[in-house]
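Quick note on the numbering used here: the sequence shown kicks off at 776 and runs consecutively.
For every residue, glycine included, the Cβ atom is placed at its ideal position computed from N, Cα and C.
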Amino acid sequence: MFTQQWKLFFHTCFWFLASLHVYAEPGLSLAEAMRLSTQHQPLLESLDNAASSSMAAAVASSQLPDPRLKLGVVNLPVTSSDAFRFNRDDMTMSTIGVMQEMVPTAKREAGARAMQATATQYQTEKIATSKSIQRDAGLAWLDVYEAQRKVELYQRIMNEMTAERNVIKARIASGGAQLAEVFKLDTQLSNTHHLFITAQRDERKARALLSRWIGSAANQPISSELPMYSLSVNRDVLNEQIDKHPLVLNAKQIEQVAISETDRAKADRELNWSWEVMYGKRRSDLSDMLTLQVAIDLPWDRPNRQDKRTAEKMLLVEKARKLTEDRRLELSAELADVLADQEAAKAREDEHQQRLIPTAKALLGLAQAGYQAGKQNLSEVWDARRGLIEVEMEHWAILTDIQRAAIKLAYLTNSDPFGNAPSGYSQMLE
């Protein structure tokens, strides 16, 4: 009986080592997932298209309007016996002409600058969006990793419970165990299986979220390696880092767009004018006519029109400035929240390393020694092993929390732990 029990014990250990080998296979790494998240990303490509369209609009805004070709009939009789006859009245003539509206250069340049500022705003928005996508993809990868690790560890616990159940059943026949022990273990096994199913569900949901950013690549096996990226923070320069955050820089560019729209509204006070040349053809015995005309805008109600437009744009500038400050406050609050999570996770990690893990290992060692000396039951060894696995499970969850905090902190402090900085970000800081 002793030999059979140890065979079962070593069988479980062999399964555990085999499972480690399976998860040691290379798979999708955290850095690779974050890199893939910004490749062929429709959201980012749409911002590229928006920037290109604004640049095209800037070129168009800097040009004069197209000239107009004018065709017509002037002074055609419509009453009496001469009605609708082209050769009866001396003043009747067919005309052809060209008209050109002249928009002041300052007004056209202001319109072009406004569209250029909008294009730059789309570019800064793309960079900010790229950073947030990489962060979200990294967090989704960690969710998959944690769920996958839980699936592995719950499977280990269930395998050990199954092996222990077989041992207990074998001992019942010889009177070394009672049927109640089997029922108790079945209850524990059922509860663990419930947690196993929940972990599998969490993994599927996490992969679905990851697929939002990297598509079908989210279905690849996840790397068994958890990258231990650690970021030290200098609290004296946190405000400076917040000011350089892509979201703040994008908000500042939105301010520039509002300012350029104000300049455009001011430039609209410049008066448009137009010129027109028209050639009139009369009947053959009369001379043809040439007409030259100039038209000028008359802003007779400027206080209620042009001035109100300018006031509107100036208020939008103030709105943009307040939103920039709100963005700073939002990021500062988020940074404080992440720092609290990071410090708590590191404290929990220290507690596990210094006390919980050594204690769980010591309890297992004592249980094994007591079993070999015939002083403890094999079930106590199984309980100690499950206790160690549960501590290990919690430990991996803590390590994952540390990396979550690190990714969020890297996002907030403009760090680039995996070399995936969005293109154009360094130029934006200049």
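Helix, strand or coil for residue i? Go by DSSP, reduced to three states.
| i | result |
| --- | --- |
| Q875 | strand |
| S905 | helix |
| K845 | strand |
| E1045 | coil |
| T867 | coil |
| Y1054 | strand |
CA-CA distance, residue i and residue j?
| i | j | result |
| --- | --- | --- |
| R829 | Q1117 | In the sequence on display, residue 829 carries Ser and not Arg. Taking the straight line joining both Cα atoms gives about 42 angstroms. |
| A819 | S905 | Residue 819 is actually Leu in this sequence, not Ala. Cα to Cα, the separation comes out at about 7 angstroms. |
| R843 | M874 | 5 angstroms |
| L917 | F971 | 18 angstroms |
| M1168 | E1030 | 49 angstroms |
| V1052 | Q1068 | 7 angstroms |
| R1130 | A1095 | 52 angstroms |
| R1103 | I1017 | 7 angstroms |
| D1076 | D1060 | 48 angstroms |
| G1149 | K925 | 34 angstroms |
| A1070 | T895 | 37 angstroms |
| Q1081 | M877 | 19 angstroms |
| N1014 | R910 | 20 angstroms |
| A1120 | L1163 | 20 angstroms |
| L805 | I947 | 49 angstroms |
| R976 | T1085 | 57 angstroms |
| E956 | A1111 | 50 angstroms |
| N862 | E1036 | 54 angstroms |
Enumerate in chain order the residues of its own chain whose CB-to-CB distance from residue i is below 8 angstroms, with the five nearest sequence positions on each side excluded.
| i | result |
| --- | --- |
| E1087 | A1040 |
| L960 | M936, E939, R940 and I943 |
Near residue i, which residues of its chain fall below 7 angstroms by C-beta distance, leaving aside the five closest residues on each side in sequence?
| i | result |
| --- | --- |
| R935 | Looking at the sequence provided, one finds Glu at residue 935 rather than Arg. The answer, listed in chain order, is T787, W1157, R1160 and R1161. |
| Q995 | G802 and L803 |
| D823 | K901 |
| L914 | R1179 and I1182 |
| A974 | A922, K925, V926 and Y929 |
| M866 | N850 |
| E978 | V919, A922, Q923 and V926 |
| V1092 | E1030, A1033, I1034 and T1037 |
Using 7 angstroms as the threshold, is the C-beta distance between residue i and residue j below it?
| i | j | result |
| --- | --- | --- |
| K1183 | V1113 | yes |
| A881 | A1033 | no |
| A903 | L1090 | no |
| A887 | S837 | yes |
| K1027 | T967 | no |
| I997 | V919 | yes |
| S986 | I908 | no |
| E884 | T1175 | no |
| M809 | A912 | yes |
| T1188 | L1024 | no |
Could you name the residues of the same chain whose beta carbon sits closer than 6 angstroms to that of residue i, not counting the 5 residues immediately before and after it, in chain order?
| i | result |
| --- | --- |
| Q891 | A833 |
| I871 | L846 and Y1054 |
| D1038 | A885 |
| D841 | none |
Starting from the N-terminal side, write out each stretch of the alpha helix (DSSP H) that is 4 residues or longer and does not extend beyond the region 1056-1125.
List check, alpha helix (DSSP H) in window: nothing returned.
Completely contained beta strand (DSSP E) runs for the region 818-864, where each covers 3 or more residues
As far as the region 818-864 is concerned, its whole beta strand (DSSP E) runs of at least 3 residues are 843-849.
Sequence ranges, alpha helix (DSSP H) only - wholly within the region 926-1000, length at least 4
With a minimum length of 4 residues, the continuous alpha helix (DSSP H) runs that stay inside the region 926-1000 are 954-989.
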